[in-house]
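Structure first, then comments.
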Amino acid sequence: MKLNDLRVCNLTEPLGFTMEEPVFSWTVEEAAGRQLGASLEICAKGETVYDSGENPSADSLGWAVPLELLPRTRYDYTLRIGTADGQYAEASSSFETGKRDEPWTGSWISPAQDRNSALLRRRFFCEKREGAARLYLCGLGVYEAYLNGEKIGEEYLAPGYHAYDFHLAVQTYDVTALLREGENSLVIALGEGWFKGRLGFEGGYTNLYGDRLYAIAELWQGDTLLTATDENWEELRSPIRFANIYDGETWDARIQPEIVGPAELVAPEGCGPLQDRVGLPVVECDRFPVKELIRTPKGGTILDFGQNLTGWVRFSCALQEGASISLTAGEILQDGEFYHENYRTAVSRFTYISDGTAREVRPHFTFFGFRYMKVDCDHPVRPEDFTAVHLRSAVPQIVTLHTGSAPVNRLFQNALWGMKDNFLDVPSDCPQRDERLGWTGDAQAISATACQSLYMPAFYRKYLWDMRAEQSTLEGSVPNVVPRIKQGMIGEHGSSPWADAAVIIPWNVWSYYGSWELLRETYPGMKAWVDCQRRREEALGGEHLVKDGFHFADWLALDNPQPGPFGATDPLFIASAYYFRCAQIVAEAAEILSLPEADEYRMLAAEILRALREKYFDETSLCRIQTQTAAALALVFGLTEDPTAQGRRLRELVAENGDHLNTGFVGTPILCEALSMSGHHDAAVTLLLQEDYPSWLYSVKLGATTIWERWNSVLPDGHMNPEGMNSLNHYTYGSVAGWMISWLCGLRPDAPGYRRAVLEPRPDRRLGQARVELDTAAGRFVSAWRYDGNKLCYEFCVPFGAEAELRLPGREAKTLTPGSYHWEEEA
Ligand code: BGC
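First residue of the sequence shown? That's 4 in this note's numbering, and the numbers climb one at a time after it.
And the structure:
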């Protein structure tokens, strides 16, 4: 028996994260049984600061401890649990606070002029190395810091992309190993990043949050402040001649870091206060060697890494002084040649100009979405010198899933990549073109699938933090993108179901991870959005429905005879359906949090439902709107009173479309679920297995390694769709992966965090087999089925402390307690 996944506030050994009180969670491996009680001892500075004693109700999904946390303090803890059958297990871990509310001794400093990139340096003396050394740092736009020439920490693009006008994230680094006795040199390299570099499409905007670069830092050893940003810092010339998020970077290694002058003491204006970080670090997660070096018919040189990914390329370079190499990102080839048009204005090029020194090279203040890199270099290119590196927020993968179909397995991988590639500090629409923004609709649509694929609570915590901040100036309304670019169309808010992200995402986080404290923290944003909708619709009089406003609705659906990106399903129906679902969720959340308003929202939800039924449903309780998306919403949101008939209608609508889908951002994430839950699972599998347009496997058959923005971003002849807006790395349609986990393999939470689960596998001969392993908040579940000749074999695993309701076709449901189960039966 072993304790795993020891976390504090959903973070592994957090260093310097914002937390009110520590909330502990864990899982138990290799044991059938249940927990009888737990005890926790927390020590700081050699003293016990908290001892819970034996606690029979300690919850492994989240055990909040009323401990007043001190700034800059490391806490070590030991958790011990006992089981019903007399076993014990014990494990230790730690967490450490950042500066919390402690005032800063360091002052904001800035390069003397508006620069694209700069180096700020301070030499300082350390008399004696003793104990732990920590650096507390925020640099704007983005920064990397070096102590004695070594990069500090393993993260990149810090402090990340957040709503700088509401808070400025401070990172805490352990620099103990880099600190020297005697002279030390601390360098902060700054680039524009999201803070001041170009952001937004159609040219975008610059200087969104400030018009110069800034930094603030304190370096402590134990209780001694060794150095802090002040007027004694100097500015050096940066070898990075140019960098921004969209366009790439030019590193001219010939530029010597000469002293330009003193840094100026000046603080950013119009920004929020400094705050210990909420967001996860962006780290290097995966590496890909060159799969093929391509010489194109026109003589170009292209590196193919075999996977569309987000990140950059590292390469070793031994060019002579003044020689340069440029890498330009691309997602696809066209007629064997490099293609870049779908990046729109994002140049996405990294150029390195050599100073004659051999070194490993990589960009600093940019990132790319790419599978291919076009190489421009006058010297021979050796593929073994190049490695593509995948960057994302540190969200580990928690699922594996395999079926008997190779294309379906590839689709599942593509869906995972769609998420991994778009979780770089914000959940973005795409990682390559001149956007890469936290579009709320896309984020909402993928959130359930994401919560079943990667460990997401801390990532979403930060996104929702920013969302609530933006909502606070919009009377609860929710912007199209978070952080909000407050200009142009991207600055708009209140579009359904983009804005519904404020309710759907925290609810998914609750449902899949069961963290009560996180629900409590995110609840005000959920409530604020429903209240905002309510005020608006009530002001227009009449029944409780959404009556106006612009809504992206079933974006990019294929069912509209009118050309353009909007689907055929009435946007006000979609908005009202989401209004109902959100009111219903807020009622449930209020009840869980023991808030008095639960009844009020329950009544509101009931009134919206009544109005929806009256306006949009006929006397037989079928949705009057004859689209796949409307029928799927009617089922999944429980709008129809006759799910059997509505399911039949949905099945017909799919059949009428030649057993193909035609849904967009609203319908696609729920279409297969609607079919499976209403008795038409076979039709859902048929949709999954279609290979011609429009279908999921259409892109797989055309060699996709990620999910595309449009069903036909690439035409059958391999050419890009001439309609434009063709990212090859948009995650929304990858939401089918969530259905594969929860319906094809049948593993769904039945209580928050999978403490109780449903196991309802749906064997289908066409797939032969399916197996999922999921590391849930409650521990590892397995659900698998496999045809073996005339036999059907099942395998299940229920983790310690959990239980599952097993539902097999034609059998009575039964409860499975923790343990492993295998059996076979006649197929
Ligand atoms: C983005 C989307 C987004 C949409 C909304 C697009 O440009 O890439 O995925 O949700 O705009 O209109």
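In this text, a Cβ means the ideal position worked out from N, Cα and C, and glycines have one as well.
> Asp428: buried (16+ other C-beta within 10 angstroms of its C-beta) or exposed?
Replying inline: Taking the first residue of the sequence shown as 1, we reach residue 428 at position 425. Label assigned to Asp428: buried.
> On the three-state DSSP scale, how would you describe Asp168?
Replying inline: Locating residue 168 in the sequence shown gives position 165, where the first residue counts as 1. Note: Asp168 maps to coil in three-state DSSP.
> Rounded to a whole number of angstroms, what is the C-alpha to C-alpha distance between Thr452 and Phe426?
Replying inline: Looking up residue 452 in the sequence shown gives position 449. Looking up residue 426 in the sequence shown gives position 423. CA-to-CA, the gap between Thr452 and Phe426 works out to about 13 Å.
> CB-CB under 8 Å to Pro564, same chain, minus the five flanking residues each way: which ones, in chain order?
Replying inline: Taking the first residue of the sequence shown as 1, we reach residue 564 at position 561. Taken in chain order, the residues that qualify are Ala571.
> Would you say the beta carbon of Trp711 comes nearer than 7 Å to a heavy atom of the ligand BGC?
Replying inline: Within the sequence shown, the letter at position 708 stands for residue 711. For Trp711, the Cβ stays outside the 7 Å cut-off from all heavy atoms of the ligand BGC.
> Do you know offhand how far Asn793's Cα is from Ile744's?
Replying inline: On the sequence shown, position 790 is the one that residue 793 refers to. On the sequence shown, position 741 is the one that residue 744 refers to. Rounded to the nearest angstrom, the two C-alpha atoms are 25 Å apart.
> What is the C-beta distance between Phe353 and Ile305, in whole angstroms, given that I count them as a contact (C-beta under 8 Å)?
Replying inline: Residue numbering aside, residue 353 sits at position 350 when the sequence shown is read from its first letter. Residue numbering aside, residue 305 sits at position 302 when the sequence shown is read from its first letter. Their Cβ separation, rounded to whole angstroms, is 15 Å, which puts Phe353 and Ile305 out of contact at 8 Å.
>> So, with DSSP's three-state summary, where would you put His3?
In response: Given a span of 4 to 830 for the chain in the structure shown, any question on residue 3 remains unanswerable.
> Between Arg75 and Tyr249, what straight-line distance do the alpha-carbon atoms span, to the nearest angstrom?
Replying inline: For the purposes of this step, residue 75 is taken as residue 72 along the sequence shown, with counting starting at 1. For the purposes of this step, residue 249 is taken as residue 246 along the sequence shown, with counting starting at 1. Between Arg75 and Tyr249, the C-alpha separation is close to 36 Å.
> Do Phe370 and Trp315 come within 8 Å of each other at the CB atom, strictly closer than that value?
Replying inline: The sequence position of residue 315 within the sequence shown is 312, counting from 1. The sequence position of residue 370 within the sequence shown is 367, counting from 1. With respect to Phe370, Trp315 sits close: the two C-beta atoms are nearer than 8 Å.
> With Asp226 and Ala349 assumed to form a contact (beta carbons below 8 Å), what rounded beta-carbon distance in angstroms separates them?
Replying inline: For this step, residue 226 is matched to residue 223 along the sequence shown. For this step, residue 349 is matched to residue 346 along the sequence shown. At roughly 47 Å, the Cβ-Cβ gap does not stay under 8 Å, so Asp226 and Ala349 are not in contact.
>> Could you tell me the alpha carbon to alpha carbon distance between His367 and Pro646, rounded to whole angstroms?
In response: Numbered from its first residue, the sequence shown carries residue 367 at position 364. Numbered from its first residue, the sequence shown carries residue 646 at position 643. Approximately 54 Å between the Cα atoms of the pair.
>> Residues in the same chain with beta-carbon distance under 6 Å from Tyr581, minus the five sequence neighbours each way, listed in chain order, please.
In response: Stepping through the sequence shown from its first residue, residue 581 is reached at position 578. Taken in chain order, the residues that qualify are Ser499, Pro500 and Asp503.
>> For Ala220, list the residues DSSP reports as bridge partners.
In response: Within the sequence shown, the letter at position 217 stands for residue 220. Checking the DSSP bridge columns, you'll see Ala220 partnered with Leu140.
> Under the rule that 16 or more other beta-carbon atoms within 10 Å means buried, what is Arg538, buried or exposed?
Replying inline: Position 535 of the sequence shown holds residue 538. Under this definition Arg538 is an exposed residue.
>> Do Ala220 and Pro242 have their beta-carbon atoms positioned less than 8 Å apart in this structure?
In response: Numbered from its first residue, the sequence shown carries residue 242 at position 239. Numbered from its first residue, the sequence shown carries residue 220 at position 217. Taking 8 Å as the Cβ cut-off, Pro242 and Ala220 do not qualify as a contacting pair.
> Which residues in the same chain as Gly85 place their Cβ atom closer than 6 Å to its Cβ, once the five residues preceding and following it in sequence are excluded?
Replying inline: By 1-based counting over the sequence shown, the position of residue 85 is 82. These residues qualify, in order along the chain: Leu39, Gly40 and Tyr91.
> Just curious, the alpha helix (DSSP H) that Asn187 is in, first and last residue?
Replying inline: As a working mapping, residue 187 is identified with position 184 in the sequence shown. For Asn187, there is no enclosing alpha helix (DSSP H); the residue is found in the beta strand (DSSP E) stretching over Gly185 to Gly194.
>> Let's test the definition: count the other Cβ atoms within 10 Å of the Cβ of His825 and tell me whether it reaches 16, buried, or not, exposed.
In response: For the purposes of this step, residue 825 is taken as the residue at position 822 of the sequence shown. His825 counts as exposed, since fewer than 16 other C-beta atoms from the protein chains shown sit within 10 angstroms of its C-beta.
> Using the rule of at least 16 other Cβ atoms within 10 Å of the residue's Cβ for burial, across every protein chain shown, is Ser480 buried or exposed?
Replying inline: Numbered from 1 along the sequence shown, position 477 holds the residue referred to as residue 480. By the 10 Å Cβ count, Ser480 comes out buried.
> Of all the options Pro284, Gly302, Phe308 and Val285, which has the alpha carbon lying nearest to the alpha carbon of Lys294?
Replying inline: Here residue 294 corresponds to residue number 291 of the sequence shown, with the count starting at 1. That would be Phe308, whose Cα lies nearest to the Cα of Lys294.
> Is Gly444 near the ligand BGC, going by C-beta to nearest heavy atom under 7 Å?
Replying inline: The residue given as residue 444 occupies position 441 in the sequence shown. Result yes, Cβ under 7 Å from the ligand BGC.
> Which same chain residues, not among the five before or five after Gly185, have their C-beta less than 6 Å away from its C-beta?
Replying inline: Position 182 of the sequence shown holds residue 185. So the list is empty, once near-sequence residues are dropped.
> In terms of residue numbering, what span does the alpha helix (DSSP H) encompassing Thr452 cover?
Replying inline: For the purposes of this step, residue 452 is identified with residue 449 of the sequence shown, where counting begins at 1. It spans Thr443 to Cys454 - the alpha helix (DSSP H) in which Thr452 sits, taken as one unbroken run.
> Between Val669 and the rest of its own chain, which residues show a CB-CB distance below 8 Å, the 5 nearest in sequence each way excluded?
Replying inline: Taking the first residue of the sequence shown as position 1, residue 669 is located at position 666. Beyond the five residues adjoining it in sequence on each side, Val669 comes within less than 8 Å, by CB distance, of Ala448, Pro500, Ala556, Asp557, Trp558, Ala560, Gly570, Thr572, Ile577, Thr632 and Leu636 in the same chain, given in chain order.
> The alpha helix (DSSP H) spanning Ile611 covers which residue range?
Replying inline: One-based indexing of the sequence shown puts residue 611 at position 608. Secondary structure note for Ile611: its alpha helix (DSSP H) is the uninterrupted segment Ala601 to Tyr619.
>> On the DSSP letters alone, give me the boundaries of the alpha helix (DSSP H) that Asp469 sits inside.
In response: Position 466 of the sequence shown, counted from the first residue, corresponds to residue 469. Element bounds for Asp469: Pro460 to Gln474.
> For the ligand BGC, any of its heavy atoms closer than 7 Å to the Cβ of Trp558?
Replying inline: Sequence index remark: in the sequence shown, residue 558 carries index 555 (1-based). With a threshold of 7 Å, the Cβ atom of Trp558 counts as near the ligand BGC, since some heavy atom of the ligand is closer than that.
> Under three-state DSSP, which class holds Asn417?
Replying inline: To locate residue 417, count along the sequence shown from 1; it is residue 414. Three-state result, Asn417: helix.
> If Ser738 sits next to Thr671, beta carbons under 8 Å apart, how far is it from one beta carbon to the other, in whole angstroms?
Replying inline: Reading the sequence shown from its first residue, position 735 is the one you call residue 738. Reading the sequence shown from its first residue, position 668 is the one you call residue 671. Their Cβ separation, rounded to whole angstroms, is 6 Å, which keeps Ser738 and Thr671 in contact under 8 Å.
> Opposite Cys274 in the DSSP bridges: which residues?
Replying inline: On the sequence shown, residue 274 is found 271 positions in, with the first residue counted as 1. Listed as beta-bridge partners of Cys274 by DSSP are no residues whatsoever.
> Under 7 Å from any heavy atom of the ligand BGC, does the C-beta of Phe555 make it?
Replying inline: Counted from its first residue, the sequence shown places residue 555 at position 552. Under cutoff, so the answer is yes.
> If Ile155 and Trp236 are in contact, beta carbons under 8 Å, what's the gap, nearest whole angstrom?
Replying inline: Here residue 155 corresponds to residue number 152 of the sequence shown, with the count starting at 1. Here residue 236 corresponds to residue number 233 of the sequence shown, with the count starting at 1. With 8 Å as the limit, Ile155 and Trp236 do not qualify as a contact, their Cβ atoms being about 16 Å apart.
> What residue ranges within the segment 618-696 form continuous beta strand (DSSP E) runs of no fewer than 3 residues, ordered along the chain?
Replying inline: Unbroken beta strand (DSSP E) stretches of 3 residues or longer found wholly inside the segment 618-696: none.
> Taking only beta-carbon atoms, is Leu277 less than 8 Å away from chain D?
Replying inline: No chain D is part of this structure, which consists of one protein chain only.
> Quick one: Cα of Trp66 to Cα of Cys380, how far?
Replying inline: Reading the sequence shown from its first residue, position 63 is the one you call residue 66. Reading the sequence shown from its first residue, position 377 is the one you call residue 380. Taking the straight line from one Cα to the other gives about 57 Å.
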